[in-house]
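Residues in the sequence shown are numbered from 11 upward in steps of one, following the working numbering. Every residue, glycine too, gets a C-beta built ideally from N, C-alpha and C. Data block below; observations after.
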Amino acid sequence: MIIYDCEIIKAIQGKNEPRLNGIEYCGGWRDFENMGISIICAYDYSENRYRVFADDNFMEFAGLVEKASVVIGFNSLGFDNPLCRANGIDVPDEKSWDLLAELWAGAGLSRTFCYPSHIGFGLDACSEANFGTKKSGNGAMAPVDWQQGKIGSVIDYCINDVKLTKALVDRVIDQEFLRDPRDKNRIIEIPSPDRR
C-alpha cells in the first residue's frame with residue numbers, strides 16, 4: 011500500500027480573487043491537462059518511508075504505483091488520479107482507495123462531491139477533528155510558491171498532507187472509524203483499505 015498526494019504547477023484563480031502578477035494560471039479545478047505536476051509525495055508502507063518525486067523521477071512513482079496493492083489518497087479519485095493520468099502517469103481507479111470518498115460513503119452520502127451536502131470533510135477539518143492537528147498551509151498557494159521558486163516549501167506542504175492522511179488511514183486500519191469533521195461527537199465507520 012502507498013499513500014500519495016500531488017501539487018500542481020499552475021495556480022487556480024479563486025472566486026472573486028484577482029490574478030497575481032507574474033503567476034501562470036490554468037483553467038480551473040478540472041483543467042488537468044494544463045495544471046502540470048510540481049511534486050508528488052508518497053508514503054510506502056512496504057518500505058516504511060516517505061518519498062518525493064519531481065519531474066526527474068516521476069516514472070519511479072509510476073513504478074511504485076504499479077507495484078502497490080492499494081493506492082491511497084485524499085480526494086485522489088476526484089483530483090490526484092486524473093491529474094496523474096493527464097500527465098502520463100497511470101494511477102488506476104480500480105486499485106485506488108480514496109479516504110475522502112470513504113468518509114462521504116460512511117456518512118451516508120454519495121462517493122462523488124455534491125454541493126452543499128459534501129462540504130466540511132476536508133483534510134484539515136478531518137485532522138483537527140481526529141487529532142487536533144491542522145495542515146501546514148493552503149493548497150491553493152502551493153502553485154504560487156512553486157512558481158516563485160519556493161520549492162522546499164511546496165515539498166514540505168505536500169509531504170505534510172501525506173503525513174496527515176497516513177495518520178487518518180492508520181486509525182481506519184486499526185479501528186475502522188474516524189470522527190466526523192462536522193460533528194466530533196459522531197463516529198463514521200470506514201472499512202480498512204487493507205481489507206479490499
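- With contacts defined as CB atoms closer than 9 angstroms, Asn148 and Arg189 fail to qualify as a contacting pair.
- Straight-line measurement puts the Cα of Ser106 at about 8 angstroms from the Cα of Ser86.
- About 4 angstroms separates the CB atoms of Arg192 and Gly130; that is less than 8 angstroms, so the two are in contact.
- Taking the CA atoms as reference points, Val62 sits about 17 angstroms from Glu76.
- In this structure Ser56 is exposed. Its beta-carbon is surrounded by fewer than 16 other beta-carbon atoms within 10 angstroms.
- Rounded to whole angstroms, the Cβ separation of Leu174 and Leu133 is 6 angstroms, and the two are in contact under 8 angstroms.
- Residue burial annotation: Gly83 is buried, with at least 16 other C-beta atoms found within 10 angstroms of its C-beta.
- In this structure, DSSP gives Ser106 an extended state, which the three-state scheme calls strand.
- If you check the CB distance, Glu112 and Ile183 do not come in under 9 angstroms.
- Around the beta carbon of Glu27, a 10 Å sphere encloses fewer than 16 other beta carbons of the protein chains shown; the residue is thus reported as exposed.
- Under the three-state reduction of DSSP output, Ala64 falls in the coil class, being neither helix nor strand.
- Shown here for Phe187: same chain residues with a beta carbon closer than 7 angstroms to its own, the five before and five after excluded, namely Ile197, Ile198, Glu199 and Ile200 in chain order.
- For Cys51, DSSP records a beta bridge to Asp15 and Val62.
- In chain order, Ala111, Trp114 and Ala115 place their CB closer than 7 angstroms to the CB of Arg121, counting only its own chain and leaving out the 5 sequence neighbours on each side.
- Counting along the chain, Leu93 sits inside the alpha helix (DSSP H) bounded by residues Asn91 to Ala96.
- Under the three-state reduction of DSSP, Phe187 is assigned to strand.
- DSSP, read as helix, strand or coil, puts Asn140 in helix.
- Contact annotation: the region 59-73 does not touch the region 29-42, with fewer than three C-beta pairs closer than 8 angstroms.
- Exclusion of the five residues before and after Cys16 leaves Ile47, Ile50, Asp90 and Leu93 as the residues of its chain whose Cβ lies within less than 6 angstroms of its Cβ.
- Counting along the chain, the unbroken beta strand (DSSP E) around Glu199 starts and ends at Asp193 to Glu199.
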